[in-house]
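Heads up, the sequence shown is in the working numbering, so the first residue is 1 and it goes up one at a time. One structure is given here, and the rest of the page talks about it.
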Amino acid sequence: MHERLIFSLAAGSAALRTEVEVTNPTARATSFAHWTNVPLVPGGTNELLDDTIFDIPTARINISERWRQNLGPSPQQWPASSLHGICGWKGQGDFTADGLEHGYYGAYVPSLDEGALRLFDASATPGLDTWT
């Protein structure tokens, strides 16, 4: 697999544009996962404040067996899950969205009145895995 990333930030813009190109140089089909690893941390402090909430357009999240002790049972209804806010996370772990209804996800901090969104083509990026 080959990957090419192009980052651009227009003058006066708060939006970082990232173009991702993944190509398979072989003749055979290959499964892969592309991790964006873009931290969504509003406020510029590189840490999530206690009132951070996650905006994920899904009806349900799944938690793998190894993280259920920290994050609770699986599946969970979203956004009713306590994991909707970072204060509901009782330890390290991750969850996946059980399908995305729209091509975005984000984080919002009410105390700062600031948030960050990642926008994408949902047909090219059909899922979400988030962790602490």
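Just so it is clear, CB atoms sit at the ideal spot from N, CA and C, and this is done for glycine as well. Remember, it's a predicted structure, so these values are computed and weren't measured experimentally.
(message) Helix, strand or coil for serine 74? Go by DSSP, reduced to three states.
(response) In the sequence shown, residue 74 corresponds to position 74, counting from 1. Residue state, collapsed to three classes: coil.
(request) Provide the residue(s) that pair with asparagine 62 in DSSP beta bridges, ordered along the chain. (result) As a first step, residue 62 must be located in the sequence shown, where it is residue number 62. Paired residues: Thr96.
(request) Tell me where the beta strand (DSSP E) around threonine 30 begins and ends. (result) Here residue 30 refers to the residue found at position 30 of the sequence shown. No beta strand (DSSP E) holds threonine 30; DSSP gives it neither H nor E.
(message) Just to confirm my understanding: we take glutamate 19, look at its own chain, exclude 5 residues before and 5 after, and list those with CB closer than 6 Å. What are they?
(response) For the purposes of this step, residue 19 is taken as residue 19 along the sequence shown, with counting starting at 1. Scanning its chain for C-beta atoms nearer than 6 Å, with the 5 sequence neighbours on each side dropped, one finds around glutamate 19 the residues Ile6, in chain order.
(request) With DSSP as the reference, label tryptophan 35 as helix, strand or coil. (result) Reading the sequence shown from its first residue, position 35 is the one you call residue 35. In this structure, tryptophan 35 counts as coil in the three-state DSSP scheme.
(request) Go ahead and label valine 109 buried or exposed: buried means 16 or more other beta carbons lie within 10 angstroms of its beta carbon, across all protein chains shown. (result) Within the sequence shown, numbered from 1, the residue matching residue 109 stands at position 109. By the 10 Å Cβ count, valine 109 comes out buried.
(request) Using 10 angstroms around the beta-carbon of glutamine 92, count the other beta-carbons present and answer buried if the total reaches 16, otherwise exposed. (result) Sequence index remark: in the sequence shown, residue 92 carries index 92 (1-based). Classification of glutamine 92: exposed, given that the 10 Å Cβ count is below 16.
(request) Express the C-alpha separation of isoleucine 53 and glycine 127 in angstroms, rounding to a whole number. (result) Position 127 of the sequence shown holds residue 127. Position 53 of the sequence shown holds residue 53. Each residue's alpha carbon lies about 19 Å from the other.
(message) Can you give me the C-alpha to C-alpha distance between glycine 85 and arginine 28, rounded to a whole angstrom?
(response) Along the sequence shown, one-based indexing puts residue 85 at 85. Along the sequence shown, one-based indexing puts residue 28 at 28. Rounded to the nearest angstrom, the two C-alpha atoms are 42 Å apart.
(request) Can you have a look at phenylalanine 95 and say buried or exposed, based on whether 16 or more other CB atoms are within 10 angstroms of its CB? (result) On the sequence shown, residue 95 is found 95 positions in, with the first residue counted as 1. Burial call: buried.
(request) Go ahead and pull the three-state DSSP assignment for serine 8. (result) Along the sequence shown, read from residue 1 onward, the residue named residue 8 stands at position 8. The answer is strand: DSSP assigns serine 8 an E or B state.
(message) Using only CA atoms, which one of Ile63, Gln69 and Arg118 lies nearest to isoleucine 56?
(response) The residue given as residue 56 occupies position 56 in the sequence shown. Cα-wise, what sits closest to isoleucine 56 is Arg118.
(message) Tell me the rounded alpha-carbon separation between serine 81 and glutamine 69.
(response) Taking the sequence shown and counting its residues from 1, one reaches residue 81 at position 81. Taking the sequence shown and counting its residues from 1, one reaches residue 69 at position 69. Straight-line Cα distance between these residues: approximately 15 Å.
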